[in-house]
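Presented below is the structure to which this report refers.
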Amino acid sequence: MERPVTEADLTFECVPDTDQSFENALAKARDGDRLTVDDAVELLTTGTDIDGIDRRRKEQVLEAADRRRAEIVGEEVTFVANLNNNVTTACNVGCLFCNFKDSAHTFEADYEGEMTGFTKTPAESREIVADAVDRGIYEVTSVSGLHPAFVLDEEHREILEGHPNPKEVNYIPADRYETDPGTYVEQMAAMSVDGVHVHSMTPEEGYHARRGTDLTYEEVYSRLQDAGLDTVPGTAAEILVDEVRDVICPGKIGTDEWLEAMEAAASVGLGLTATIMYGHVENEAHRAVHLQRIRELQDRVDGAITEFVPLSFIHQNTPLFEHDVVSGGASTDEDELMIAVSRLFLDNVDHVQSSWVKYGDEQGLKMLNCGADDFMGTILSEEITKRAGGTYGEFRSFEEYVDLITSIGRTPVERSTDYDRRRAIDPDDPPFGPELGPNADGTPLLTREERSERAVLADD
Ligand code: SF4
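Numbering-wise, the sequence shown is residues 12 to 471 according to the numbering used here.
Written out as structure tokens, the structure reads:
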């Protein structure tokens, strides 16, 4: 049997080695010059002339990014009232960084073992979204596993039914499964309740919705848009360098196809976001090349990308960690530099997000002083807690948002997904958004104390 790849085996062509100096790169960043990949590598490493991170240099990079943030977007910190409604955890793609999916065969009707994942029918999705809309959310984000029965629409289903070897294109008919996810078009239409903004269909899902056909990405995104899709999350990007993708997600589409799908979505008029998932096998040169590919994409799509979201790899419970391909995730220094250099490098993307889900509250707030200006959303999330055995959603209330953002002297601003609508919140004038809070009076579903109690119970 072949020995699995380990950290020591990894050698890459793209390495953090430059002719630039840290001082020059910093001077360019301070002057607002467009940075090169070499500049970004110098800033991300705090200089390739030294080993490890130099804390004094790091502070200089963070300061430059914080100043740039203030110049571009001022003192506002935005957030959105949103719901996560993921349709299914069934997926056979086998990405080595993923702890979300469940092997698709465990969802089959005749599977006899324990099934821990979930699949929702379009009717179930609609009910969940309708309930959240009643509570005041106005965005639903939906990113799902690539369920083998999930198809774009009935036409796509017919093509796959007629395929000589459906398994070759990752298709298994819906009647083999306990629950039928319906089609992507049906799910988009179901979630599109009362004008709620539907943020869904990553490039990888876009690929799944055209697998085994000659359909173009334009055609796929156009049909989804007609069904209710509003914007496309630029996740599944991970690191947009194929030598890294070959290690962490060999079953996924390559860099060029990811970019092609994003361009197609923009070309039919859909807004985009963009991400990077860093802190696994990649090095600083890969991170810099990724930033360059996003900046070039943003130039090509004429500014359709509203925000950039750095996502620090969470290594626990992932095959990459369990098979010793990585020994951990990014350090806090690396996290801060990633946010800062994203702000400095992406001179054509206005907003950089600090993810409190990934960084936690304290560090999440610190990131708002390293170049970030957006603090995610309320994320009412039914399934996460259901999977953990709970009965309440997880979320962050408006009240907590206002507390946290004002604690660092910034202005809390509620925004729409596309940042077009904003409402600055006066911290001296509660309630802060009763019509948008998870409960009718704007209070959380669970108080902080209740959440702590639940955490203790869960630990037990
Ligand atoms: S495609 Fe998505 S859900 Fe499936 S294994 Fe990869 S990251 Fe996980």
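Yeah, the Cβ is synthetic: ideal placement off N, Cα and C, and Gly gets one too.
Looking at the DSSP output, H362 shares a beta bridge with E318. About 35 angstroms separates the beta carbons of A143 and F356, which is beyond the 8 angstroms limit, so they are not a contact pair.
Counting only runs that start and end inside the stretch 199-243, the alpha helix (DSSP H) elements of at least 4 residues fall at 214-219 and 228-238. Residue state for P442 is assigned as coil, using DSSP reduced to three classes. Under the 10 Å beta carbon count, I436 is surrounded by 16 or more other beta carbons and is classified as buried.
As a beta-bridge residue in DSSP terms, I287 pairs with P321. Note that the C-beta distance between V231 and A220 is below 8 angstroms.
Listed as beta-bridge partners of Y188 by DSSP are E119. A contact between stretches requires three or more CB pairs, one per stretch, nearer than 8 angstroms, and the stretch 105-125 fails this requirement with the stretch 71-91.
Per DSSP, V91 is one residue of the beta strand (DSSP E) stretching across E87 to V91. Where G375 is concerned, the enclosing alpha helix (DSSP H) starts and stops at W367 to M378. Proximity of the beta carbon of V26 to the ligand SF4 is not indicated: no heavy atom of the ligand is located closer than 7 angstroms. Its Cα nearest to that of D225, the residue V180 stands out among Q236, G239, F319 and V180. For Q303, the closest of D42, T29 and D49 by C-alpha to C-alpha distance is D49. Shortest Cα-Cα distance from E125 to any of I148, D241 and T117 involves T117.
Shown here, P177 sits in a helix according to DSSP, grouped into three states. DSSP, read as helix, strand or coil, puts T100 in coil. Each of T99, V209 and G223 was checked against the Cα of A238, and the nearest Cα belongs to V209. In this structure, V368 sits near M387, with a CB-CB distance shorter than 8 angstroms.
Around the C-beta of E307, fewer than 16 other C-beta atoms lie within 10 Å, and the residue is accordingly described as exposed. For P27, the closest of N294, I264 and I139 by C-alpha to C-alpha distance is N294.
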